[in-house]
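K.L.:
So that we are looking at the same thing, I have put the structure below in structure tokens.
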Amino acid sequence: MIEERDSHNFIEQIIVDDLAAGFSSDKLRFRFPPEPNGYLHIGHAASICLNFGLGEMYNAPVNLRFDDTNPAKEEQEYVDAIKNDIQWLGFQWATECYSSDYFQQLYDWAIQLIKDGKAYVDGQSADVMASQKGTPSTPGVAGPFRGASVDENLALFARMKAGEFEQGSYVLRAKIDMASPNMLMRDPILYRIVKRAHHRTGNDWCIYPMYDWTHGESDYIEQISHSLCTLEFKMHRELYDWFLDQLYDPALLRPKQREFARRNLSYTVMSKRKLLELVEGKTVTGWDDPRMPTISGLRRRGYTPDSIRKFSDLSGISKRDSVTDVSLLEYCIREDLNKSATRVMAVLDPVKLVITNYPSGKTEMLEAENNPEDPNSGTHELPFSGELYIEREDFKEDAGNKFFRLTLGNEVRLKSAYIIKGESVVKDASGNITEIHCTADLESRSGSGTEASTRKVKGTLHWVSIQHAIKAEVREYDRLFLDEAPDSHEEKSFMQFINPESLKVIKEAYMEPFLKDASLSDKFQFQRLGYFTLDKDSTSENLVFNKTVGLRDSWAKQNPAPSPQANQPKPQNNQGGGLPQGQRSALNEIQKIAKKYTNLSGEKLAGARADIAKLAEEVSYEELEPLFQTAAKKVGTRIGAMIALSVLLNKGQDRNSEIEAFISAGLADENEELVNEAKGIKN
RNA sequence: UGGCUUAUGGUGUAACUGGCAACACGUCUGAUUUUGGUUCAGAAGAGUCCAGGUUCGAGCCCUGGUAAGCCAACCA
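full-length UniProt numbering numbers the first residue of the first sequence as 1 and each following residue consecutively.
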């Protein structure tokens, strides 16, 4: 499929440029390099979609490479979860690689570096080495080990590898430049001693290579053409290139690193460390808690691979820090599920509805559409009877005319069933409604084809038959944090912003019996409520549904709901809001034209001047006056205001001090046009 | 007090070699609707961080500022 695309993100542009400069497209090769020390999250999805997307676009291989150089933090569990998530997203890697597969090669190259006098063993403490390193604004100094001979270094390094030294006692460092403005170039560590079993190499090694030494060389070994990573590695690029310089064979492809901004999502955190803290602190139930921004959490919540890929696509790639609003993610999943989710009915907060004229004891099977968006989706059966549950908030004894739901004396449609009219309510001693009594128009059954069945009524309600309903648990989720960017506050921990009401469990919701056969992969729309999916905690006796996301709800927006949630709409500055529509647009037009006024000349200029003058006929002085305050730089706008002012004065507007001040400021301006307009008024 | 990077509607991204700042989300109208969903039609909202400069013309080029992010782990 050829994608219609006239603009590339800057990474794609780099590749386009490389190709144009003669780089052969069959040498294109990418990689996704996770460290197996945590679960993948929605931020990783950006990198996954970028790398694998590039692979698909150019039909180039994309390796999955586990960057497993730290046996203290990495585990097989994470390897399995990461592979599962990538496959679930629908991507196929060319080769499954591990940095640990290159340990021997890396070691051999390190020996070479020592022999070339480019690396040395340092036996100082971490503290001492840190102090010698200097600070970003002051250069570092050489330590006593820096001048050791090649033979001494070779011997020491061999003993490190042989396990003769304690963990932490010696390191191998590159010998670069202790005075470099780039701290990473001040003799970075290549190897450290870690006496710990590795998930793949076991106890074969007790020295492990560091990230910088490993990553670029792994790219080189795999002949990755474009090594894409996030911005915080920008500084590492100099080191990446330095290492390559030491061992690069010109006959082979030389990888290059490029950096893009990591993606943040509003109202959540996105670092593995913080996510781990949520898991270990039991704030959530696990990495796949449906409130987590992990791929596995989103999957359990009911998100689809398509929705996540769409989200990555819409979010784009750039080099600036940003926080993408969750509403975009929600849009993506709604859009996907709207097309595919099976429509069913469930009542979360029930109140009993009795249809007094429906034959007592009678039940009938109705037909319900599976998905009105998909004509081929078919129907399913739905039992109806004279005693139903409806949503408590769908009834009000007396309500304004904007309430489209059930009230006393009003008609509404029961979805896929009959039109009913509210007649009376039954209340308990404390005044709570326990039953609503209504009558049905028995001719109005949906799909019956009668005239009554096609009558228009204002509202439609979802319902379940009490006798036939199945009970199930429903879990509703809200954002995990109350702050838009919980980890952006220097003085406060992100944990202080935890939303205490991020999980709401409804132990007994009532659902149509169709749902008893639901499976984990099914996606449902509970009509009028939102999208739901079965949770893995479900058993055949106790079904558990997760709410993926609610439907858009323009009714809820109108009602300033007393909800304590963090959904407060941000105030938007709506300038000029108090002014009549027509006049505002005339002034706006003037501003628009005037903005570019100084760019014009000749006929165009004359035309613009005439347009402004004409529009000014519809502008009042009160509207115009604020423009007198326009910054001196915005000459065009001031000229426009001057022209408009002249029109108003001709119409009989009295001169006041503001007007005089504006005119004299115009006369004193450097811009000739402005001076001319001001002169024109002066007379 | 050093270095690197970034700065475009509320949010996220576009704008080719300088040429009327575009798209999506969100917001607001209206129509349609057996989901207050969907769909459809429309609107509001940005002088492109600031100050200068070059140019007929600057978001883009030049100079100088400002702000934000990253950089001193034997983490990746």
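For every residue, glycine included, the Cβ atom is placed at its ideal position computed from N, Cα and C.
Since the model is a prediction, treat every value here as computed from it, not as a measurement.
Is it the case that the Cβ atoms of Val505 and Glu473 are separated by a distance below 8 angstroms?
P.N.:
Here residue 505 refers to the residue found at position 505 when the first sequence is read from its first residue. Here residue 473 refers to the residue found at position 473 when the first sequence is read from its first residue. Yes, they are a contact pair.
K.L.:
Between the segment 260-269 and the segment 473-483, are three or more C-beta pairs nearer than 8 angstroms?
P.N.:
Segments in contact, yes.
K.L.:
Verify whether the separation of the beta carbon atoms of Asn376 and Ala341 is less than 8 angstroms.
P.N.:
In the first sequence, counting from the first residue as 1, residue 376 sits at position 376. In the first sequence, counting from the first residue as 1, residue 341 sits at position 341. In this structure, Ala341 does not lie closer than 8 angstroms to Asn376 by Cβ.
K.L.:
If you drop the 5 nearest sequence neighbours on each side, which residues of the same chain put their C-beta closer than 7 angstroms to that of Asn432?
P.N.:
On the first sequence, position 432 is the one that residue 432 refers to. Nothing listed; no residue qualifies.
K.L.:
Count the other CB atoms, across all protein chains shown, that sit within 10 Å of the CB of Leu520; report buried if there are 16 or more and exposed otherwise.
P.N.:
Translated into the one-based positions of the first sequence, residue 520 becomes position 520. Exposed is the call here.
K.L.:
Do Ala368 and Ser416 have their C-beta atoms within less than 8 angstroms of each other?
P.N.:
Working through the first sequence from its first residue, we reach residue 368 at position 368. Working through the first sequence from its first residue, we reach residue 416 at position 416. Contact: yes.
K.L.:
Rounded to the nearest angstrom, what separates Asp483 and His41 at their Cα positions?
P.N.:
Stepping through the first sequence from its first residue, residue 483 is reached at position 483. Stepping through the first sequence from its first residue, residue 41 is reached at position 41. Cα to Cα, the separation comes out at about 19 angstroms.
K.L.:
Mark Trp555 as exposed unless 16 or more other C-beta atoms lie within 10 angstroms of its C-beta, in which case mark it buried.
P.N.:
Here the question's residue 555 lines up with position 555 in the first sequence. It counts as exposed.
K.L.:
By the DSSP assignment, the alpha helix (DSSP H) with Ala155 in it spans what residues?
P.N.:
Here residue 155 corresponds to residue number 155 of the first sequence, with the count starting at 1. Run containing Ala155: 150-162, per the alpha helix (DSSP H) assignment.
K.L.:
For the alpha helix (DSSP H) containing Gln257, list its first residue and its last residue.
P.N.:
Along the first sequence, one-based indexing puts residue 257 at 257. Note, Gln257: premise wrong, no alpha helix (DSSP H); beta strand (DSSP E) at 256-260.
K.L.:
So, under 8 angstroms CB-CB, Ile86 and Ile48 are touching, yes? Tell me the CB distance rounded to an integer number of Å.
P.N.:
The sequence position of residue 86 within the first sequence is 86, counting from 1. The sequence position of residue 48 within the first sequence is 48, counting from 1. Yes, Ile86 and Ile48 are in contact; Cβ-Cβ is about 6 angstroms, under 8 angstroms.
K.L.:
Please name the residue, chosen from Ser225, Glu232, Glu217, Phe662, that lies closest to Leu244 on a Cα-to-Cα basis.
P.N.:
Translated into the one-based positions of the first sequence, residue 244 becomes position 244. Closest option to Leu244, Cα to Cα, is Glu217.
K.L.:
Where Ile643 and Gly53 are concerned, what is the direct C-alpha to C-alpha distance, given to the nearest angstrom?
P.N.:
For this step, residue 643 is matched to residue 643 along the first sequence. For this step, residue 53 is matched to residue 53 along the first sequence. Whole-angstrom Cα-Cα distance: 54 angstroms.
K.L.:
Give me the residue from Leu276, Ala20, Arg334 with the minimum Cα distance to Asp553.
P.N.:
Along the first sequence, one-based indexing puts residue 553 at 553. Checking every option, the nearest Cα to that of Asp553 belongs to Arg334.
K.L.:
Note down, in chain order, each residue of its chain lying with its Cβ closer than 8 angstroms to the Cβ of Leu667, except the 5 sequence neighbours on either side.
P.N.:
The residue labelled residue 667 in the question sits at position 667 within the first sequence. Val675, Ala678, Lys679, Lys682.
K.L.:
Buried or exposed for Ala346, going by 16 or more other Cβ atoms inside 10 Å?
P.N.:
Along the first sequence, read from residue 1 onward, the residue named residue 346 stands at position 346. Label assigned to Ala346: buried.
K.L.:
Give me, in chain order, the residues of the same chain whose beta-carbon lies closer than 8 angstroms to that of Glu381; leave out the 5 immediate sequence neighbours on both sides.
P.N.:
Here the question's residue 381 lines up with position 381 in the first sequence. Within the same chain, Glu381 has close Cβ partners Met365, Leu366, Glu367, Ala368, Phe514.
K.L.:
Classify Leu239 as helix, strand or coil using the three-state DSSP reduction.
P.N.:
Against the first sequence, residue 239 aligns to sequence position 239. Three-state result, Leu239: helix.
K.L.:
Would you kindly work out how many angstroms separate the C-alpha atoms of Ile639 and Leu648, rounded to a whole number?
P.N.:
Here residue 639 corresponds to residue number 639 of the first sequence, with the count starting at 1. Here residue 648 corresponds to residue number 648 of the first sequence, with the count starting at 1. Cα to Cα, the separation comes out at about 14 angstroms.
K.L.:
Measuring CB atoms only, is the segment 89-105 touching the segment 224-243, in the sense that at least three cross pairs come out at less than 8 angstroms?
P.N.:
The segment 89-105, when compared against the segment 224-243, does not touch it at the 8 angstroms Cβ threshold.
K.L.:
How is Thr283 classed by DSSP in three states: helix, strand or coil?
P.N.:
As a working mapping, residue 283 is identified with position 283 in the first sequence. It is coil, neither helix nor strand.
K.L.:
Going straight from the alpha carbon of Arg237 to that of Gln257, what length do you get?
P.N.:
For the purposes of this step, residue 237 is taken as residue 237 along the first sequence, with counting starting at 1. For the purposes of this step, residue 257 is taken as residue 257 along the first sequence, with counting starting at 1. Near 7 angstroms, if we compare the C-alpha coordinates of Gln257 and Arg237.
K.L.:
Quick one: what's got a C-beta closer than 7 angstroms to Leu19's C-beta in the same chain, skipping five residues either side?
P.N.:
By one-based count along the first sequence, residue 19 stands at place 19. Within the same chain, Leu19 has close Cβ partners Ser25.
K.L.:
Where does Ala260 land, buried or exposed, given buried means 16+ other C-beta within 10 angstroms?
P.N.:
Taking the first sequence and counting its residues from 1, one reaches residue 260 at position 260. It is worth fixing the name first, because residue 260 is Phe in this sequence and not Ala. Classification for Phe260: buried.
K.L.:
Within the same chain, show all residues whose beta-carbon is closer than 6 angstroms to that of His462, passing over the 5 residues directly before and after it, in chain order.
P.N.:
Translated into the one-based positions of the first sequence, residue 462 becomes position 462. Hits under 6 angstroms: Met345, Lys415, Gln527, Arg528.
K.L.:
Check each candidate in Leu551, Lys523, Ser318 and name the one with the smallest Cα separation from His8.
P.N.:
If you number the first sequence from 1, residue 8 lands on position 8. The shortest C-alpha separation from His8 is found at Ser318.
K.L.:
By DSSP, does Trp205 sit in helix, in strand, or in coil?
P.N.:
Taking the first sequence and counting its residues from 1, one reaches residue 205 at position 205. DSSP places Trp205 in coil when its eight states are reduced to three.
K.L.:
Would Arg309 and Thr548 be called neighbours here (beta carbons separated by less than 8 angstroms)?
P.N.:
The count along the first sequence starts at 1 and reaches residue 309 at position 309. The count along the first sequence starts at 1 and reaches residue 548 at position 548. Not closer than 8 angstroms, so no.
K.L.:
In the segment 119-145, which residue ranges form an unbroken beta strand (DSSP E) of at least 3 residues, counting only runs that do not cross its ends?
P.N.:
Qualifying beta strand (DSSP E) stretches, in chain order: 119-122.
K.L.:
Check whether the segment 119-130 and the segment 155-175 touch, using three or more Cβ-Cβ pairs below 8 angstroms as the test.
P.N.:
Result yes; three or more Cβ-Cβ pairs closer than 8 angstroms.
K.L.:
State yes or no: is the C-beta of Asn357 within less than 8 angstroms of the C-beta of Ala440?
P.N.:
Numbered from its first residue, the first sequence carries residue 357 at position 357. Numbered from its first residue, the first sequence carries residue 440 at position 440. Cβ atoms of Asn357 and Ala440: closer than 8 angstroms.
K.L.:
Helix, strand or coil, according to DSSP, for Gln583 in the structure here?
P.N.:
The residue given as residue 583 occupies position 583 in the first sequence. Note on Gln583: pLDDT 32, under 50, position unreliable in the model; no value is reported.
K.L.:
Please state the DSSP three-state secondary structure of Val457.
P.N.:
Taking the first residue of the first sequence as position 1, residue 457 is located at position 457. Note: Val457 maps to coil in three-state DSSP.
K.L.:
Give a yes or no on whether the C-beta atoms belonging to Ala94 and Ser312 are separated by under 8 angstroms.
P.N.:
The residue given as residue 94 occupies position 94 in the first sequence. The residue given as residue 312 occupies position 312 in the first sequence. No. Outside cutoff.
K.L.:
Let me know the secondary structure DSSP gives Glu3 once reduced to three states.
P.N.:
Numbered from 1 along the first sequence, position 3 holds the residue referred to as residue 3. Interpretation of Glu3 is limited by its pLDDT of 38, a score under 50 that renders its predicted location unreliable; no figure is taken from the coordinates.
K.L.:
For Gly378, I'd like the list of residues in its chain whose CB is within less than 7 angstroms of its CB, leaving aside the five on either flank, ordered along the chain.
P.N.:
The residue labelled residue 378 in the question sits at position 378 within the first sequence. Excluding positions up to five away in sequence, the list reads Asn370.
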